[in-house]
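Visitor: Listed in order, the protein sequences are those of chains A and B.
The first sequence begins at 92 in the working numbering and counts up by one.
The second sequence begins at 92 in the working numbering and counts up by one.
Every residue gets a Cβ at the ideal spot worked out from N, C-alpha and C, and that includes glycine.
Protein chains: 2
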Amino acid sequence: MRVVITGAGGFVGREICRQLLLRGDDVVGLDVNGGGMSNGIRKIVGELSDPAVRRELLSADFDAVIHLATVPGGAAEIDPAASRGVNVDAMYDLLLEAAERQPGVRVVYASSIAVLGDALPATVDDQTPLSPKMIYAGHKAMMEHAIAMFSNRGMIDGVTVRLPGILARPKGPSGMKSAFMSDIFHALKNGEPFECPVHPDGTIWAQSVITCAENFIRAVHLDSALLPPTRAVTLPAIRISLQDLAAEIASQCGVPVSLVSYNPDLALDAAFARQPLLVTSAAERAGLAHDGNPAILIRNALSLI
Amino acid sequence: MRVVITGAGGFVGREICRQLLLRGDDVVGLDVNGGGMSNGIRKIVGELSDPAVRRELLSADFDAVIHLATVPGGAAEIDPAASRGVNVDAMYDLLLEAAERQPGVRVVYASSIAVLGDALPATVDDQTPLSPKMIYAGHKAMMEHAIAMFSNRGMIDGVTVRLPGILARPKGPSGMKSAFMSDIFHALKNGEPFECPVHPDGTIWAQSVITCAENFIRAVHLDSALLPPTRAVTLPAIRISLQDLAAEIASQCGVPVSLVSYNPDLALDAAFARQPLLVTSAAERAGLAHDGNPAILIRNALSLI
Numbered sequence: 092m093r094v095v096i097t098g099a100g101g102f103v104g105r106e107i108c109r110q111l112l113l114r115g116d117d118v119v120g121l122d123v124n125g126g127g128m129s130n131g132i133r134k135i136v137g138e139l140s141d142p143a144v145r146r147e148l149l150s151a152d153f154d155a156v157i158h159l160a161t162v163p164g165g166a167a168e169i170d171p172a173a174s175r176g177v178n179v180d181a182m183y184d185l186l187l188e189a190a191e192r193q194p195g196v197r198v199v200y201a202s203s204i205a206v207l208g209d210a211l212p213a214t215v216d217d218q219t220p221l222s223p224k225m226i227y228a229g230h231k232a233m234m235e236h237a238i239a240m241f242s243n244r245g246m247i248d249g250v251t252v253r254l255p256g257i258l259a260r261p262k263g264p265s266g267m268k269s270a271f272m273s274d275i276f277h278a279l280k281n282g283e284p285f286e287c288p289v290h291p292d293g294t295i296w297a298q299s300v301i302t303c304a305e306n307f308i309r310a311v312h313l314d315s316a317l318l319p320p321t322r323a324v325t326l327p328a329i330r331i332s333l334q335d336l337a338a339e340i341a342s343q344c345g346v347p348v349s350l351v352s353y354n355p356d357l358a359l360d361a362a363f364a365r366q367p368l369l370v371t372s373a374a375e376r377a378g379l380a381h382d383g384n385p386a387i388l389i390r391n392a393l394s395l396i
Numbered sequence: 092m093r094v095v096i097t098g099a100g101g102f103v104g105r106e107i108c109r110q111l112l113l114r115g116d117d118v119v120g121l122d123v124n125g126g127g128m129s130n131g132i133r134k135i136v137g138e139l140s141d142p143a144v145r146r147e148l149l150s151a152d153f154d155a156v157i158h159l160a161t162v163p164g165g166a167a168e169i170d171p172a173a174s175r176g177v178n179v180d181a182m183y184d185l186l187l188e189a190a191e192r193q194p195g196v197r198v199v200y201a202s203s204i205a206v207l208g209d210a211l212p213a214t215v216d217d218q219t220p221l222s223p224k225m226i227y228a229g230h231k232a233m234m235e236h237a238i239a240m241f242s243n244r245g246m247i248d249g250v251t252v253r254l255p256g257i258l259a260r261p262k263g264p265s266g267m268k269s270a271f272m273s274d275i276f277h278a279l280k281n282g283e284p285f286e287c288p289v290h291p292d293g294t295i296w297a298q299s300v301i302t303c304a305e306n307f308i309r310a311v312h313l314d315s316a317l318l319p320p321t322r323a324v325t326l327p328a329i330r331i332s333l334q335d336l337a338a339e340i341a342s343q344c345g346v347p348v349s350l351v352s353y354n355p356d357l358a359l360d361a362a363f364a365r366q367p368l369l370v371t372s373a374a375e376r377a378g379l380a381h382d383g384n385p386a387i388l389i390r391n392a393l394s395l396i
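#1: Interface residues of chain B around P319 (chain A) at Cβ under 9 Å?
#2: What are the uninterrupted segments assigned as beta strand (DSSP E) that are 3 or more residues long and contained completely in the stretch 177-254 of chain B, given in chain order?
#3: Hey, is M240 (chain B)'s beta-carbon within less than 9 Å of any beta-carbon in chain A?
#4: As an exercise, report each continuous alpha helix (DSSP H) stretch of at least 4 residues that is fully enclosed by the stretch 280-348 of chain B, in chain order.
#5: Suppose you measure from the CA of T161 (chain A) to the CA of N391 (chain A); what does that come to, to the nearest Å?
#6: Compile a chain-ordered list of the residues in the stretch 233-259 of chain B whose CB is closer than 7 Å to at least one CB of chain A.
#7: Could you give the DSSP three-state label for A361 (chain A): helix, strand or coil?
#8: Which residue from B:I301, B:L159, B:R376 puts its Cα closest to that of A201 (chain B)?
#9: Counting Cβ pairs, one atom from each stretch, are 3 or more of them under 8 Å apart for the stretch 271-287 of chain B and the stretch 125-139 of chain B?
#10: Any Cβ of chain B within less than 9 Å of the Cβ of R145 (chain A)?
#11: Does any C-beta atom of chain B lie closer than 9 Å to the C-beta of A374 (chain A)?
#12: Find the residues of chain A that neighbour A228 (chain B), judging by a C-beta separation of less than 8 Å, and give them in chain order.
#13: Specify, as a first and last residue, the run of the alpha helix (DSSP H) that V103 (chain B) falls within.
#14: Name the chain B residues whose beta carbon is nearer than 7 Å to that of G208 (chain A)?
#15: Return the residue from the list A:I308, A:L185, A:S273 that minimises the CA-CA distance to E147 (chain A).
#16: If you reduce the DSSP assignment to three classes, tell me which class I389 (chain B) lands in.
#17: How big is the Cα-Cα spacing for F307 (chain A) and Q218 (chain B)?
#18: Give a yes or no on whether the minimum CB-CB distance between R93 (chain B) and chain A is below 9 Å.
#19: I'd like to know whether the C-beta of M128 (chain B) is nearer than 9 Å to at least one C-beta of chain A.
#20: By a C-beta neighbour count over all protein chains shown, 10 Å radius and 16 as the cutoff for buried, is I301 (chain A) buried or exposed?
#21: At least one CB of chain E closer than 9 Å to the CB of Y183 (chain B): is that the case?
#22: Taking its Cβ as the centre, do 16 or more other Cβ atoms sit within 10 Å of G245 (chain B), making it buried, or is it exposed?
#23: Going by the CB atoms, is the gap between A361 (chain A) and D209 (chain A) shorter than 9 Å?
#24: Whole angstroms is fine: what's the gap from H277 (chain B)'s alpha carbon to G229 (chain B)'s?
#25: Identify, in the order they occur along the chain, each residue of the same chain with its Cβ nearer than 7 Å to the Cβ of E138 (chain A), setting aside the five sequence neighbours on each side.
#26: Measuring alpha carbon to alpha carbon, tell me which of A:Q366, A:A205, A:A259, A:S394 ends up nearest V289 (chain A).
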């Protein structure tokens, strides 16, 4: 099949492209940065908000769209208008144009657990109300409803997947406020000290990028009758404390866990390291999965860095 | 207090203005049609999507914004781009500008039960997921998240109220697909026959415009700590079948109920006359209410036509 993917040069996009190519799929990728995209895909370099770029992206027949391109959380806080332009306006245009070009096409949309907000109940499940606080999160949540509306009208066949922390991102500025979850992998793999900006007992929801990409490909193929009426599911994730994460990474890398020290930033800790119990029945019914256990999560995450 | 109200010349807006003036409040109203607005308010005539009009609307200090202006359901289906322009883009700009002018201001936003979609469970309550199908409904749902996000950031103090069928609208084209619920009042009050476009056993959720306006004014004053994390509540409503509605109107008007005949339109019946049981605990906790019983609902509705 032919898959159109936006944000193809990003951390998650590259791994999805790698897996799609292994399956023998045709891939048409868009990214603002041509250098990040895999060889073997048709590369389009440009801004999602440029109508001519979207026209080129959708110019040939396609069987599915995976929409990852985004102004991420940290960048959206700094420039809310840029987030609105890309995360709302350009995405809305993309949905309209994909529906016109290929009516009823499967669209898989990367939303985020950030849509839940930061005042979470003791257990988050499929009934937990959305209450976004970050600009990024508000825009992601708005577009979840656009996916549902266009799907209910038969214009697209949409699936929203809400991503937990995806491990382990490359080093360097990503615009993601949650980058510390990945930076700890790089530090320990290199035997370097790491100052963790959240409490040792802080808990995160995590998934390796390998498993995340597998879930996107499952989402391309799943039967939408298995989805809730919102079309949105929170991806299954391993819930792990920072100290347990550190211990398992250190053990797998053969370095002392004492390389990790803690100097919590209260805002970061509140926003990213207070994840409660997580129940993801809707996603599991639709065939999506987490890594299995913490050891596999960390092995998977280490295997790609 | 001073209240800014958009859509002030509309059916609901006029009654809110009347009640605000009775309370002694100052009212600044916006409408595309100057003729519809009450005397006694400061009238601004223009389009919500015109930045200069919004600037004038927000030029003096204010204590609350009631946002009613909308491209309604039927009109939005005909012109989805107009709905996007007013119901999403212009409203988003209005929220940003109100927050900048008067940080933390109370904003009461008129959403609609249409956000729930048309495949409803046997009982609708505060946990029922949103699954909009109409363009209007998708846009209303998107902006519910914008209200929550801006409120969680302290930029505004938002309250979303989802309106059921509001009775009885004036005769004539309103752009509302649910106009039949009001037209039956006008016909029977005038002793004229009425052909009802939904089944006699079809059920609707209804509130009189008097009670609806009271709820908006309560929403201006309520303590937002009483609201759910979404900031959105479905207004309490009387659930009544079309045949019971017809019988009560006929009785109160002293005309034979045989004036009403039924010629169901399947699409209209499915979209507007299959309202299941309704539980509105969140709204009731916040102090919002329905008319009390069907006889009062219909007396209230008849009193203003």
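Guide: Per the coordinate set shown:
#1: P220, S222
#2: If only uninterrupted beta strand (DSSP E) runs of at least 3 residues are considered, those enclosed by the stretch 177-254 of chain B are 196-203, 247-254.
#3: yes
#4: 300-312, 333-344
#5: 25 Å
#6: M233, H236, A237, A239, M240, N243, R244
#7: helix
#8: B:L159
#9: Not touching, per the Cβ criterion.
#10: no
#11: no
#12: By Cβ distance, chain A contributes M240.
#13: Run containing V103 (chain B): 102-114, per the alpha helix (DSSP H) assignment.
#14: N243, P320
#15: Comparing Cα positions, the closest option is A:L185.
#16: helix
#17: 27 Å
#18: no
#19: no
#20: buried
#21: Checking the listed chains, one finds no chain E in this structure; the protein chains it contains are A and B.
#22: Here G245 (chain B) is exposed, its C-beta having fewer than 16 other C-beta atoms within 10 Å.
#23: yes
#24: 31 Å
#25: V123, V144
#26: Closest option to V289 (chain A), Cα to Cα, is A:Q366.
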